[in-house]
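Student:
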Amino acid sequence: MPWTKKDYPVSLKNFMAPVRNKAIEIANALLKEGWEEERAIPIATSRAEEWAANRHLKIRKEKAPERSKTS
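According to numbering that gives the first Met the number 0, the residues represented by the sequence shown are 0 to 70, in order.
1) Would you kindly check if the distance between the Cβ of A47 and the Cβ of A22 is under 8 Å?
2) To the nearest angstrom, how far is it from the Cα of R38 to the Cα of L30?
3) Can you round the beta-carbon distance between I40 and A26 to whole angstroms, since I take them to be within the 8 Å contact cut?
4) Count the other CB atoms within 10 Å of the CB of N43; is the residue buried (16 or more) or exposed (fewer)?
5) With distances taken Cα to Cα, identify the nearest neighbour of T3 among S10, V9, N20 and M15.
6) Compare the beta carbon distance of N58 and V9 with 8 Å and say whether it is the shorter of the two.
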């Protein structure tokens, strides 16, 4: 199912809007390529975080939990 700015995986709720929107864009592209949702979401999240870091953008909202380095 394609996601939108208003309807997206709960795992993206603590991201800043530009990062969340990039993750949605990437995840939708992965789905279109035939990836399963269970794989598309973490891949899109990782790529969106990298995208934001390369642009020196804030990734998460204040007081949002950091993603574990081991996951």
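C-beta: ideal position from N, C-alpha, C; glycine also.
Tutor: So, from the listed chains and residues:
1) Against the sequence shown, residue 22 aligns to sequence position 23. Against the sequence shown, residue 47 aligns to sequence position 48. Yes; because the gap between Cβ atoms is below 8 Å, this pair is in contact.
2) Position 39 of the sequence shown, counted from the start, is the residue given in the question as residue 38. Position 31 of the sequence shown, counted from the start, is the residue given in the question as residue 30. Using only the alpha carbons, I get a separation of about 9 Å.
3) On the sequence shown, position 41 is the one that residue 40 refers to. On the sequence shown, position 27 is the one that residue 26 refers to. Confirmed, about 6 Å.
4) Looking up residue 43 in the sequence shown gives position 44. According to the sequence displayed, residue 43 carries Ala and not Asn. Classification for A43: buried.
5) Residue mapping note: residue 3 aligns to position 4 of the sequence shown, counting from 1. It is N20.
6) Taking the sequence shown and counting its residues from 1, one reaches residue 58 at position 59. Taking the sequence shown and counting its residues from 1, one reaches residue 9 at position 10. Here residue 58 is Ile; the residue named in the question, Asn, does not match the sequence. Their beta carbons are not under 8 Å apart, which means I58 does not touch V9 by this criterion.
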